[in-house]
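Working notes for the structure below.
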């Protein structure tokens with residue numbers, strides 16, 4: 134079975150809505166509005182943890198959810214987001230038919246229909262990329278790596294023997310590296326570690342390069358072989374210090390992970406769930422998009 138790492142949201146919802154018919158729950162969702170990050174200055178509420186019997190029930194429930202968030206003072210409803218972007222969020226909006234990969238929050242494209250019928254439209258968009266040229270090193274990598282080495286960057290594998298210590302540094306790094314991401318809110322170390330500790334048995338340090346500067350982690354990449362498709366490596370998370378002197382570090386980490394995957398016999402790398410417009414779009418020149426996703430939003434004012 135492909136691991137999903139599905140976990141309850143970190144924060145309890147501010148409300149739970151249910152749609153019942155003849156005493157039977159046909160649809161249910163949770164709502165969050167307290168402490169939710171704004172989106173382009175708009176007070177935002179999240180709709181998530183959605184369960185439904187059919188599209189009609191979903192459509193009715195989403196309309197009620199939007200009204201409840203409006204009553205709570207929100208001017209934008211966003212979803213599906215299960216409380217925060219550290220947990221399950223987004224819907225698949227397009228696919229070329231490639232099967233779901235390890236840790237992918239997959240949904241049928243048809244799942245977007247009731248959201249659109251309820252007045253929601255794509256708010257933030259993402260894509261996953263397929264790279265089938267692992268034997269070819271990107272010609273941009275050597276010069277970037279030389280510049281970073283001159284800036285004091287040293288690359289090494291992730292140290293699984295000191296995994297919690299590594300996670301503590303990566304958590305601190307993530308708070309800085311992701312702080313400008315859409316809909317992002319920080320979480321504490323224990324909550325962060327609870328997400329990543331289950332990955333440890335799936336990780337091969339050779340596929341998880343870490344960049345160190347002055348004895349501290351300045352960048353890291355988590356990758357793992359897909360248990361169902363061992364020739365595929367999923368590049369799950371790339372984070373780096375936002376220091377401008379380290380521009381290109383994510384690209385170099387990805388290039389090292391690709392080379393390591395090729396050396397281990399992999400024939401495909403997947404750059405998972407990259408936000409559109411980010412530098413991740415150019416991490417591998419030969420990569421192609423095979424899946425698109427979106428968080429949907431609805432104006433409430």
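Numbering (our numbering), first residue to last: 134 to 434.
From the three backbone atoms N, C-alpha and C, an ideal C-beta is built for every residue, glycine too.
Note that this is a predicted model, so its numbers are computed, not measured.
Among the options, which one has its Cα closest to the Cα of residue i?
i, options, result
"residue 317", "154, 164, 169", "169"
"residue 146", "156, 155, 165", "165"
"residue 227", "282, 399, 243, 337", "243"
"residue 403", "309, 375, 356", "356"
"residue 380", "326, 284, 207, 191", "284"
To the nearest angstrom, how far is the alpha carbon of residue i from that of residue j?
i, j, result
"residue 372", "residue 354", "7 Å"
"residue 359", "residue 205", "42 Å"
"residue 178", "residue 232", "32 Å"
"residue 247", "residue 289", "47 Å"
"residue 229", "residue 185", "26 Å"
"residue 270", "residue 388", "7 Å"
"residue 161", "residue 222", "16 Å"
"residue 374", "residue 310", "6 Å"
"residue 175", "residue 254", "16 Å"
"residue 392", "residue 268", "7 Å"
"residue 365", "residue 434", "45 Å"
"residue 149", "residue 329", "28 Å"
"residue 259", "residue 307", "19 Å"
Excluding five sequence neighbours on each side, which residues of the same chain lie with their C-beta closer than 6 Å to the C-beta of residue i?
i, result
"residue 252", "431"
"residue 266", "419"
"residue 183", "162, 213"
What does residue i pair with, by DSSP beta-bridge criteria?
i, result
"residue 227", "425"
"residue 209", "177, 432"
"residue 255", "429"
"residue 407", "260"
"residue 356", "368"
Applying the criterion that 16 or more other CB atoms from any shown protein chain within 10 Å of the CB defines a buried residue, is residue i buried or exposed?
i, result
"residue 295", "exposed"
"residue 237", "buried"
"residue 367", "buried"
"residue 195", "buried"
"residue 215", "buried"
Under 8 Å Cβ to Cβ from residue i, same chain only, skipping five residues before and after it: list those, please.
i, result
"residue 172", "209, 211, 256, 315, 316, 430"
"residue 322", "300, 301, 304"
"residue 192", "247, 250, 251"
Counting only the same chain and skipping the five closest in sequence on each side, list residues whose C-beta sits under 7 Å from that of residue i.
i, result
"residue 277", "381, 384, 385"
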